[in-house]
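Report on one structure; see the data block that follows.
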Amino acid sequence: MNTSTVFLALVAAVLLILPACGSDRAVSTQIPTAEPISLAVEDAGEPWGEKFFTGLSGRESVEGGMLFDFEETVTVGFQMRKTLVPLSIAFVSETGIIVDIKNMAPLSEDSYVSARPYRYAIEVNQGYFAKHGIGVGDLVEVERADSEDFAIVVFHRS
Numbered sequence: 002m003n004t005s006t007v008f009l010a011l012v013a014a015v016l017l018i019l020p021a022c023g024s025d026r027a028v029s030t031q032i033p034t035a036e037p038i039s040l041a042v043e044d045a046g047e048p049w050g051e052k053f054f055t056g057l058s059g060r061e062s063v064e065g066g067m068l069f070d071f072e073e074t075v076t077v078g079f080q081m082r083k084t085l086v087p088l089s090i091a092f093v094s095e096t097g098i099i100v101d102i103k104n105m106a107p108l109s110e111d112s113y114v115s116a117r118p119y120r121y122a123i124e125v126n127q128g129y130f131a132k133h134g135i136g137v138g139d140l141v142e143v144e145r146a147d148s149e150d151f152a153i154v155v156f157h158r159s
């Protein structure tokens with residue numbers, strides 16, 4: 002066997018073994034191909050503070066959306082008990098990968114729970130993610146605005 006054949010066999014073996022050695026973290030293997038989409042959203046503030054807890058409740062319309070940063074990985078669910086408009090929610094891992102998206106019905110008592118642990122949750126008008134081709138596995142960047150009340154969320158679609 003010549004050196005290049007041995008090298009190619011070694012590379013093939015490593016590529017076959019590596020996926021089995023992965024962690025439980027969500028990792029996107031897709032390369033973003035579409036133009037990124039930026040969205041200005043309200044920042045829900047400190048985890049479990051008043052604004053964080055009430056979110057978009059009581060509003061008759063939503064402009065942009067709202068970002069919830071738990072500052073650690075969590076598995077808690079969201080409710081729509083006092084929310085008047087239908088929303089979609091993206092659950093985003095600490096590494097910035099969308100791990101789940103749910104559509105939430107207004108005034109629902111249901112608990113909307115991510116299929117995987119997450120750090121960030123982004124609520125938007127229902128259908129926003131589908132309309133813009135944003136899905137599970139896409140990369141999200143959170144850019145803090147000068148104001149503590151807002152953030153810019155950049156979606157890198159694959």
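Just so it is clear: in the sequence shown, position 19 is 20 by the numbering used here, and no numbers are missing.
Yeah, the Cβ is synthetic: ideal placement off N, Cα and C, and Gly gets one too.
Note that this is a predicted model, so its numbers are computed, not measured.
- Burial check for Thr-74: the Cβ neighbour count within 10 Å stays below 16, so the residue is exposed.
- Ranked by Cα distance from Arg-120, the first of Gly-46, Asp-70, Ala-41 is Asp-70.
- Contiguous beta strand (DSSP E) elements confined to the region 51–125 occur at 67–75, 88–93, 99–105, taking only those with 3 or more residues.
- Looking at the DSSP output, Arg-145 bridges to Ala-152.
- Where Ala-41 is concerned, the enclosing beta strand (DSSP E) starts and stops at 38–44.
- Nearest to Val-63 by alpha-carbon distance, out of Gly-78, His-157, Gln-127, is Gln-127.
- Taking each of Leu-88, Val-100, Gly-134 in turn and checking the Cα distance to Thr-76, the smallest one comes out for Val-100.
- The alpha-carbon of Arg-158 is positioned some 24 Å away from that of Ala-45.
- Straight-line measurement puts the Cα of Thr-96 at about 9 Å from the Cα of Val-141.
- DSSP places Ala-131 inside the alpha helix (DSSP H), whose first and last residues are 129–132.
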